[in-house]
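**Student:** In the numbering used here, the protein residues as written are 1 to 202. Right, I'll just put the structure down here and ask away after.
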């Protein structure tokens, strides 16, 4: 387990990136929950992640964690001016924005509507890793929505709980037990699908 303050040092980032590129699943903090992450381009790792969530990979509905809007926009259809402005105002932050997906998103992760959830969290370590990977990470929350179980908010307990399923746990303070706010922006106006810890600014 790696314990950190506000960010990872260069050597720590290298260790994390090497693990992810080797096909490992790791647990990282975000601005809402601890989350499982793995390489978006590693199908076997994605299958393992789906199994951890007790879902078939075709129905897992993964989101992707991006370092910034520029990285995110490579995995969405071209953003409108309004979509870009909304992202600019609200990220980094505890949102999952749903957009139409570009062809860079592996088909196995797409919904029937060919959409993808985008996370740009207000958590330096999470965006550091995505930036160092030079591509997004598949991401899925460790706990169930609104489940206030200490096992899911304590890094040491998570390491013990998932010692046989994940290769690395990064521990930090989690600011909230609330989920991200989910915003469907596949149409002309943003629609809030789930109100979480963040309030959308228009």
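Glycine residues also receive a C-beta, built at the ideal position from the N, C-alpha and C atoms.
#1: Quick one: give me the first and last residue of the beta strand (DSSP E) that residue 135 is part of.
#2: What are the boundary residues of the beta strand (DSSP E) that includes residue 181?
#3: Measure the alpha-carbon distance for residue 72 versus residue 136 and round it to whole angstroms.
#4: Whose C-beta lies closer than 6 Å to the C-beta of residue 145 among residues of the same chain, with five residues either side of it excluded?
#5: For residue 46, which option in 24, 169 and 34 has the closest C-alpha, if you only look at C-alpha atoms?
#6: State the DSSP-derived secondary structure class of residue 86, mapped to helix, strand or coil.
#7: Quick one: using the 10 Å Cβ neighbour count with 16 as the cut-off for buried, is residue 119 buried or exposed?
#8: Residue 33 and residue 102: beta carbons closer than 7 Å?
**Tutor:** In short:
#1: Unbroken run through residue 135: none, as it is neither H nor E.
#2: 181-184
#3: 8 Å
#4: For residue 145, the predicted structure reports a pLDDT of 47, less than 50, and the residue's modelled location is therefore unreliable. The matter cannot be settled from this model.
#5: 24
#6: helix
#7: buried
#8: no
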